[in-house]
Amino acid sequence: YEVLQNTQKFNVKFAVQEVANGLAGAILCAEKYVHDEPFALLLGDELLVAENGQTPCIKRLADIYKSTGNSVIATMEVFGDDVSKYGNIGIKEETDGVITVGAIVEKPSVNEALSNNAIIGRYVLSGEVMGMLKKLTPRNNEIYLTDALDVLAEQGKLMASTFEGDRYDVGDKFGYVKANVEIALKSKEIGQDVKEYIKELANRL
Ligand code: G1P
Numbered sequence: 115y116e117v118l119q120n121t122q123k124f125n126v127k128f129a130v131q132e133v134a135n136g137l138a139g140a141i142l143c144a145e146k147y148v149h150d151e152p153f154a155l156l157l158g159d160e161l162l163v164a165e166n167g168q169t170p171c172i173k174r175l176a177d178i179y180k181s182t183g184n185s186v187i188a189t190m191e192v193f194g195d196d197v198s199k200y201g202n203i204g205i206k207e208e209t210d211g212v213i214t215v216g217a218i219v220e221k222p223s224v225n226e227a228l229s230n231n232a233i234i235g236r237y238v239l240s241g242e243v244m245g246m247l248k249k250l251t252p253r254n255n256e257i258y259l260t261d262a263l264d265v266l267a268e269q270g271k272l273m274a275s276t277f278e279g280d281r282y283d284v285g286d287k288f289g290y291v292k293a294n295v296e297i298a299l300k301s302k303e304i305g306q307d308v309k310e311y312i313k314e315l316a317n318r319l
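Each residue of the sequence shown is one higher than the one before, starting from 115 at the first, in our numbering.
Printed below as a string of structure tokens:
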């Protein structure tokens, strides 16, 4: 009931991406709602959970957007072959945890990576990004958000920040299970039952 009540505070609209033409294609489906306003982009196959006292990732990004006027992306450190799973950023400058991004490469090989900083699925983007996406040339039948972000980076107009809290990759089967177990363990309602169940299950393994 509480969850339902909270959703009444928002005006929820849906747009369906009819063709699989990339992340930028998905974002353009929302253009009729966003127009040229700044917007937050949250990729649904990643869950970010901030504990009490931690700053939620999107709030952190929105704060940096407000203070710099520039688009902001969330980043985390990755190592080894994992660098090739994500967009990757080159760091031009870092002040008080706010990174100025120098360049971006989408899913580089280990040798091509600019740093150990991967892009994760949280962004606060300026209104001009929507216009930039419309002008992009598709590659492999997809339009890439990364191509627009790279232009912003070249112009010194792209910031990045790490985030507080846990991240779950729920697009991955094991990641999905981990997210369910860990979030259930923190639940006031069923956390204790889940804990006892896991202990009992572990004894049987
Ligand atoms: C997209 C982005 C990539 C980013 C990733 C985060 O890739 O293109 O830069 O690192 O999301 O999850 P996708 O996972 O859609 O292939």
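C-beta: ideal position from N, C-alpha, C; glycine also.
Around the Cβ of residue i, are there at least 16 other Cβ atoms within 10 angstroms (buried) or fewer (exposed)?
i, result
"residue 260", "buried"
"residue 299", "exposed"
"residue 134", "exposed"
"residue 181", "exposed"
"residue 293", "buried"
"residue 201", "buried"
"residue 264", "buried"
"residue 235", "buried"
"residue 304", "exposed"
"residue 223", "exposed"
"residue 136", "buried"
"residue 312", "exposed"
"residue 232", "buried"
Relative to ligand 1, is the shortest distance from any of its heavy atoms to the C-beta of residue i smaller than 8 Å?
i, result
"residue 167", "no"
"residue 139", "no"
"residue 220", "yes"
"residue 207", "no"
"residue 260", "yes"
"residue 160", "yes"
"residue 180", "no"
"residue 287", "no"
"residue 199", "yes"
"residue 157", "yes"
"residue 321", "It is not possible to answer for residue 321, since the shown part of the chain is limited to 115 through 319."
"residue 204", "no"
Considering just the uninterrupted stretch of the beta strand (DSSP E) at residue i, what are its terminal residues?
i, result
"residue 153", "153–156"
"residue 207", "201–209"
"residue 231", "231–239"
"residue 219", "212–220"
"residue 275", "272–275"
Just reading off the alpha helix (DSSP H) that residue i is part of, what are its end residues?
i, result
"residue 117", "116–121"
"residue 310", "305–318"
Can you give the beta carbon distance from residue i to residue j, rounded, assuming they're within the 8 Å contact cut?
i, j, result
"residue 250", "residue 138", "6 Å"
"residue 279", "residue 175", "Not a contact, Cβ separation roughly 13 Å."
"residue 213", "residue 273", "6 Å"
Taking 8 Å as the cut-off, is the C-beta of residue i nearer than that to any heavy atom in ligand 3?
i, result
"residue 233", "Ligand 3 is absent from the structure shown, which contains only ligand 1."
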